[in-house]
Every structure is written in structure tokens, then in C-alpha cells.
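*Asks:*
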Amino acid sequence: MTSGLTAVIVIGIYMLLLLSIGVLSNRVFKGTAADYFVASRGIGPFVLLMSVFGTTMTSFAIIGSSAEAFTAGLGVYGKMVSWSGIFHSICFFLVGVRLWAFGKRYGYQTQIQFFRDRFESGHMGLLLFPVLVGLIVPYLLMGVVGAATAIESITAGAFSVFFAATKGGIPYWIAGLVVCGVTLIYVFFGGVRGAAWANTFQTVVFVVLGLVTFVVIAQRLGGPAAATRQVMHVNPAHLKLGAADADQKIYEQRLAEYEAGQSKIKPRRPHEIPSGVFFTYLFIPLSVAMFPHLFQHWLTAKSARSFRLTLIAHPLLMMLTWLPCVLIGVWATAAIVPETGLPVIPPDFARANAVLPMMVNKLAPPFVGGLLVAGVLAAIMSSLDSQFICLGSIFTNDIVSHYIRKDRLGDRAVLVLGRGFIVLIVAATYGFSLWFPGASVFRLGIWCFTGYAALAPLVFAALYWKRTTKAGAVACVLTAAVVGVFFFYKAYSETALAGEHEYTIWGMMPVTIILAASTLALVVVSLMTRPPSAATVAKFFGTHPSLDARAYPSEAVVVGGSWGAR
Amino acid sequence: MKNVSVVLVVFLVLGHHDFWNWHRSEPLILGFIPVGLAWHTMISLFAAVLAALMARYNWPPSVDALESMPEQTGPAAGH
Chain Y
1 MTSGLTAVIV IGIYMLLLLS IGVLSNRVFK GTAADYFVAS RGIGPFVLLM
51 SVFGTTMTSF AIIGSSAEAF TAGLGVYGKM VSWSGIFHSI CFFLVGVRLW
101 AFGKRYGYQT QIQFFRDRFE SGHMGLLLFP VLVGLIVPYL LMGVVGAATA
151 IESITAGAFS VFFAATKGGI PYWIAGLVVC GVTLIYVFFG GVRGAAWANT
201 FQTVVFVVLG LVTFVVIAQR LGGPAAATRQ VMHVNPAHLK LGAADADQKI
251 YEQRLAEYEA GQSKIKPRRP HEIPSGVFFT YLFIPLSVAM FPHLFQHWLT
301 AKSARSFRLT LIAHPLLMML TWLPCVLIGV WATAAIVPET GLPVIPPDFA
351 RANAVLPMMV NKLAPPFVGG LLVAGVLAAI MSSLDSQFIC LGSIFTNDIV
401 SHYIRKDRLG DRAVLVLGRG FIVLIVAATY GFSLWFPGAS VFRLGIWCFT
451 GYAALAPLVF AALYWKRTTK AGAVACVLTA AVVGVFFFYK AYSETALAGE
501 HEYTIWGMMP VTIILAASTL ALVVVSLMTR PPSAATVAKF FGTHPSLDAR
551 AYPSEAVVVG GSWGAR
Chain B
1001 MKNVSVVLVV FLVLGHHDFW NWHRSEPLIL GFIPVGLAWH TMISLFAAVL
1051 AALMARYNWP PSVDALESMP EQTGPAAGH
């Protein structure tokens, strides 16, 4: 049996397991919207951690990290993981716990419901809906591009008769279709509980299998020390943030050896991460404060205490997931197949997204390779499912139920409309994935996170600044959208979201400028317009459900809702 | 304790910009992890410690009481 066919069998079994989880979770489905969308707020600490982590980590963490490490060196860890370790937990603490408290108190099921109340505007959803959905599409796209690329690469040799163009691998377009289809089915069956259960299973799978991949590949390269030494010999600049003069000389020397036929590995040009770029990556992790799919998972928590494990373990799980992938990506720049003596990744290889699958395909035994691709799919599908649920949730709750009287549409019709909308967006994403198969998963991810990060001032101000007004919120969203689209267009024109060149503005990541503009718009317009009503201020800042009463001793009066009396 | 957490965050942010490791990969920690990468791995570990301190000392006590509150069926406001 070929390694590709083994991979096909393992992937098939894995997909069946996921479908079974969807069917099982459907058995405990209570038939209510609160159960479908927020699992009746009954998710405990461990499943919350697994579902939040699984949702946050997508192909960006597995395929994107190794691709970026291959392209630009191990600085990607500092740019993404150590910044995220600090700021994700802070966002979970400052934003997640408070939003959970408001959700519990006022029955929110989506972000837009919270913003509508906080900004006293029924039509706030009409502005936020297209922006949030528009930003989810590139997030979905990352998943589909990453999964389809991984499956096509890892199944190479399985169906040589049928798919000669892909060297026998399941073609990209079929792989993307299968991943979307299976995720849609188990999400439709199980709702957010099904997604949380599946995420727990998948998160365990991808963390464990990621470590197994690392050990297997390291052994095949002669051990981790030998693998790193080989990179030091060929591409030393890939092991540091900034290339030294000596690295340029080594590059020229190795290139001359390659061109003279003395070496089979073509060196990669030394790459430097500018100091300003490295620092301003710190704004990217603020995006988690505005992820609508994460908001939905926060609302599923059984209690505020459930968040504690997530706060603490999230940076550690990120480290466990990213570190092996980053090292494998760097090792790929100099890795040799032991049996043939040929480089694992051919010279001038441009499809960086395929680096990890190729390392697995060429270095791991077939069965392990199949398991490893299941791990990659686990990371990707554990994000796709939450995003699908979230799309359905915001469409049914924020558009259909908000603008159409309940007696005109039954529950069944609302559910069908919600599912129809999910299918529509997934179909559009699938179409985009066929259009941009070469887009860098990493670059796509950065732009998607940039968009969400530019909206982060909105949620921080809504929770911590009483003076924030509806007009200020609208100005923030519009500014983020206009400035963001402008710079995205420029970046796409110049880089096509691929290659080594990273689009920057004045030596900084674009998120810096877009975030500054949206924050400025929010503050200036809020100060220029009438403050929110006393009732709204009392509702969200009176007896704040997530504030220590000692901090607001003079405001310990409860107003409205089911929170209770004085 | 809130101030201590803020100071720790500032230290982590400053420590993240490890210009002293910028142009070197050695020593290799554990024989295979370049020193810059090892440094950032430590930042991840300290971020977890910081989160543990926040969860222990800065936790808003009133949120825990919400667990026993009955579930509300939909948004309360009429917007």
C-alpha cells in the first residue's frame, strides 16, 4: 500500500469519527436556540479551554507557521506566539469574562446583540454584520486553502491513474469540498455543543500529533541537534531575527557551491525582520477581543471560573503547538531525504503552504504520515466549525429574528434560513479558495487579524469607557473598514499576499496605522456627540456584573433585567 | 496586586524586544533551540505565570455569583 493511500484511509476514518461526534451531540440537543448557539451556557473549564484554543488555532498555526518559518526564519515565533501568549490571556481576562457576565445577565447570544444594547441602536447590526462576516471569509479561506493543500500533498501517489496532474494526490478542489462538507454536516447536527466536543477531540489530536510529528521528523534528520546544525551550515540567518554581514557571505559561498554542483541544497537569501515590524506585531493578538466565533465560545461557559484554566493554559498550548511547527519549517530549508540524498524541498520551491505536508510525506512512515495529516485537519476543522456556527448565529439572531416578526416565521424556517446562509458563505469561500490557491496562509491570516484588531477599540471602549457613544462606535467601524480596505488593496497590489516581502507602512505593520485611526475616530467622535443615556450607563456600568463592588462602592444599585433588586 | 500585574506586563513587553539576541543563534539551548527562540519560549511561559497571577489576585469576585443565576431567554433591551 502506498503512503498516499494509507493517508487517504486515515483521513477517511478521521472524517467518520467527526461525523459520529456530531450525531452523538445531537442526542443531547435540547431543541432550543440557547442550546444550539451557546450550549445552554453549560460548558466546563476543560472543554472551554479546548474549544477556545482549538477555535483560535487554525491552519495559520500549523501550515502558516511552518510556511513562514521556511520563508523568513524562526522570527515568526516571536512575531506571533510570544506576543499572543501575553495578549490573548489579557483579552480573555479583560474582555471575555466581562462579556460572559453580560451574556449571562442579559441573555446575549451574539456580539451584535451586546453592541446594540450598549450603543442604544437597533440598526448597529446592519453596520457590524457585513464587517464581521466579511472578516470571517478570509479566516475560513485560510482553513480551506490550508486543508486542501495538505490533503493534496500528503495523498500524493494514492490515485495515480485518476489524478496524474497532482501526482496521484486528491486534487485541491476535491479536498476543499470534502473538508467543507464534513464540517457543515457535523455542525448542522450538533450546534455549538457538537463543535465544542469535536474541538476538544481535535485539539487533543493536533497537539499530541504535532509533537509526534516533531519527534519523527527530528529522528529522520539525525536528531534535532543535527537538523539545526544543518540549517546553521546552509541558512544561518534563518535561525535569528536579523542577518549579520557574515550570513550574507555564507549565503554567497553556499550559492556558489550549489551552482558548481558541490551541494544539492540551494541556500535561501538572508532575511531580516525590521525592528519596527517585530514590535508592532504586538497589535495583531488584540484581534481575539473581536472574534465573533470566540465570543460565542465565551458565552458557552458554565461559570466565570471556567475561564481560569483557559487564561493560564492558552499560552502554554500555543507554545506546544507552534514550537515544533516553526522548527520543522526552519529545518525544511536544509533537510535532506536520508535514502536519496536529495533535498526534501526542491530548490526555488514557491508553495510554502505545502512545506509541512511535504516534510511529513517524505520523512514520516506512511501510517504516521496519515495520522499527522489528521492532526493538521483537526487544527483546521476545529476553527471552521466554530466559524460556521457563528455565521448561522449572527444571521438568524441579528438579521432574521431582529427584522422579521417571530409570528411570521416559525423556528423551523429560521433554522433553514440560518443554515442556508452558512452554506452560501461556505460556497463563496470555497470559490475564493479555488481562485487563490497560492495565497500565503500566513499573510491571509495577518490581514484577517488586522481587521479584527482594528475593531478591538470598540469592545474595550464599550466595556470600560462610559462616554463611548453610538456615533463614536459607528465612526470606529467605518474608519477601520475604509482605512483597512485601502491598505489591503495596496498590499495585495504590491505583494499578492505571497512571497518573502511583507507589506509595511513606515516600517511598521499596517495594523498599527489602522488601529490608531479607528481608536482616534472612536474617541474624537464620542467626545463630540451626546453621551449615552443614564439608563444605558447604569445597565452596563451600574452594578457591573464583572466588577469588584469595592471598585464602585457608590454605584452598587442594580437596574433592570433579571439581575434582581437592590 | 493590579499594579503588580501591569508592571509584569510592561516587563514582558520590553523583554519581548530582545535586541541582544537579534544577530545570534548560539548558544543552542538543549542542543537544538537557537537562543532567540528559547528566549521567546520563556516569554510564553512567563505569560502563563502572569495569567495565573491575574486569575488568582485580580479576579472580580462578583462574577462567580452569576453561575447560579437563571438563564435569560433573550436580550433584555428593545433595541
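Protein chains in written order, with the numbering used here: chain Y, 1 to 566; chain B, 1001 to 1079.
Ideal Cβ positions, reconstructed from N, Cα and C, are used throughout, including at glycine.
Predicted, not measured: the structure shown is a model, and the values here were computed from it.
1. My output table needs one value for residue 391(Y): the three-state DSSP class, helix, strand or coil.
2. Against chain Y, does residue 1007(B) count as a neighbour if the rule is that its beta carbon must be under 9 Å from one of theirs?
3. Going straight from the alpha carbon of residue 423(Y) to that of residue 8(Y), what length do you get?
4. Measure from the alpha carbon of residue 342(Y) to the alpha carbon of each residue in 313(Y), 359(Y), 469(Y) and 319(Y), then state which is nearest.
5. Check whether the Cβ of residue 314(Y) lies closer than 9 Å to any Cβ atom in chain B.
6. Which residues in the same chain have their Cβ closer than 6 Å to the Cβ of residue 159(Y), if we skip the five residues on either side of it in sequence?
7. Leaving out the 5 sequence neighbours to the left and right, which residues in its chain are closer than 7 Å to residue 1065(B) when beta-carbon positions are compared?
8. Evaluate residue 545(Y) with the Cβ neighbour count: other Cβ atoms within 10 Å of its Cβ, from every protein chain shown; 16 or more gives buried, anything less gives exposed.
9. With a CB to CB cut of under 6 Å and the five nearest residues on each side skipped, what residues in its chain are close to residue 103(Y)?
10. Output yes or no for whether 9 Å exceeds the beta carbon distance between residue 416(Y) and residue 66(Y).
11. With residue 4(Y) and residue 155(Y) assumed to form a contact (beta carbons below 8 Å), what rounded beta-carbon distance in angstroms separates them?
12. Taking the DSSP output, what are the residues bridged to residue 1045(B)?
13. So which residues of chain B does residue 305(Y) contact, with C-beta pairs closer than 7 Å?
14. What residue range is occupied by the uninterrupted alpha helix (DSSP H) comprising residue 251(Y)?
15. Taking DSSP's pairing of strands, which residues face residue 1028(B) in a bridge?
16. So for residue 532(Y), helix, strand or coil by DSSP?
17. Please list, in chain order, the chain C residues whose beta carbon lies closer than 9 Å to that of residue 282(Y).
18. Does the separation of the CB atoms of residue 356(Y) and residue 150(Y) fall below 9 Å?
19. Would you identify the three-state DSSP class for residue 170(Y), choosing helix, strand or coil?
20. Check this for me: beta carbons of residue 294(Y) and residue 52(Y), under 9 Å apart or not?
21. Which word fits residue 452(Y), buried or exposed, when buried means at least 16 other C-beta atoms lie within 10 angstroms of its C-beta?
22. Could you confirm whether any beta carbon from chain Y is found closer than 9 Å to the beta carbon of residue 1003(B)?
23. Going straight from the alpha carbon of residue 567(Y) to that of residue 1033(B), what length do you get?
24. How would you write the range of the alpha helix (DSSP H) that residue 97(Y) sits in, first residue to last?
25. Where does residue 508(Y) sit, in a helix, a strand or coil, going by DSSP?
26. Where residue 464(Y) and residue 537(Y) are concerned, what is the direct C-alpha to C-alpha distance, given to the nearest angstrom?
27. Within 10 angstroms of its Cβ, does residue 420(Y) collect 16 or more other Cβ (buried), or is it exposed?
*Replies:* Looking at the atomic coordinates:
1. As a first step, residue 391(Y) is located in the first sequence; it is residue number 391 there, counting from the start. In this structure, residue 391(Y) counts as helix in the three-state DSSP scheme.
2. Working through the second sequence from its first residue, we reach residue 1007(B) at position 7. No, residue 1007(B) lies away from the interface with chain Y (no Cβ there is under 9 Å from its Cβ).
3. Here residue 423(Y) corresponds to residue number 423 of the first sequence, with the count starting at 1. Here residue 8(Y) corresponds to residue number 8 of the first sequence, with the count starting at 1. Answer to the nearest angstrom: the Cα atoms are 26 Å apart.
4. The count along the first sequence starts at 1 and reaches residue 342(Y) at position 342. Considering only alpha carbons, the answer is 359(Y).
5. Working through the first sequence from its first residue, we reach residue 314(Y) at position 314. So, interface residue.
6. Taking the first sequence and counting its residues from 1, the one referred to as residue 159(Y) is at position 159. Closer than 6 Å at Cβ, skipping near neighbours: 168.
7. The sequence position of residue 1065(B) within the second sequence is 65, counting from 1. Same-chain partners within the cutoff: there are none.
8. The residue labelled residue 545(Y) in the question sits at position 545 within the first sequence. Model confidence at residue 545(Y) stands at a pLDDT of 46, short of 50, so the residue's coordinates are unreliable; what they give is reported in the following sentence. Under this definition residue 545(Y) is a buried residue.
9. On the first sequence, position 103 is the one that residue 103(Y) refers to. Same-chain partners within the cutoff: 299.
10. Position 416 of the first sequence holds residue 416(Y). Position 66 of the first sequence holds residue 66(Y). No. Outside cutoff.
11. Here residue 4(Y) corresponds to residue number 4 of the first sequence, with the count starting at 1. Here residue 155(Y) corresponds to residue number 155 of the first sequence, with the count starting at 1. Indeed they touch by this definition, with Cβ atoms about 5 Å apart.
12. Here residue 1045(B) corresponds to residue number 45 of the second sequence, with the count starting at 1. According to DSSP, residue 1045(B) bridges with nothing at all.
13. Walking along the first sequence from the start, residue 305(Y) turns up at place 305. Within 7 Å Cβ-Cβ: 1064.
14. Here residue 251(Y) corresponds to residue number 251 of the first sequence, with the count starting at 1. Unbroken alpha helix (DSSP H) run through residue 251(Y): 245 to 259.
15. If you number the second sequence from 1, residue 1028(B) lands on position 28. Answer is 1034(B).
16. As a working mapping, residue 532(Y) is identified with position 532 in the first sequence. Note: residue 532(Y) maps to coil in three-state DSSP.
17. The structure shown contains no chain C; the protein chains it does contain are Y and B.
18. Counted from its first residue, the first sequence places residue 356(Y) at position 356. Counted from its first residue, the first sequence places residue 150(Y) at position 150. For residue 356(Y) and residue 150(Y), yes; Cβs fall inside 9 Å.
19. The count along the first sequence starts at 1 and reaches residue 170(Y) at position 170. Coil.
20. Numbered from 1 along the first sequence, position 294 holds the residue referred to as residue 294(Y). Numbered from 1 along the first sequence, position 52 holds the residue referred to as residue 52(Y). Contact: yes.
21. Position 452 of the first sequence, counted from the start, is the residue given in the question as residue 452(Y). Burial call: buried.
22. Counting from 1 along the second sequence, the entry for residue 1003(B) is found at position 3. It does not: the Cβ of residue 1003(B) has no partner Cβ on chain Y nearer than 9 Å.
23. Chain Y is shown from 1 up to 566; residue 567(Y) falls before or after that span and cannot be answered.
24. To locate residue 97(Y), count along the first sequence from 1; it is residue 97. Where residue 97(Y) is concerned, the enclosing alpha helix (DSSP H) stretches over 97 to 106.
25. On the first sequence, residue 508(Y) is found 508 positions in, with the first residue counted as 1. Residue 508(Y): strand per DSSP, three-state reduction.
26. If you number the first sequence from 1, residue 464(Y) lands on position 464. If you number the first sequence from 1, residue 537(Y) lands on position 537. Approximately 11 Å, taken between the alpha carbons.
27. What you label residue 420(Y) is simply residue 420 of the first sequence in a count that begins at 1. By the neighbour-count rule (16 or more Cβ atoms within 10 Å), residue 420(Y) is not buried but exposed.
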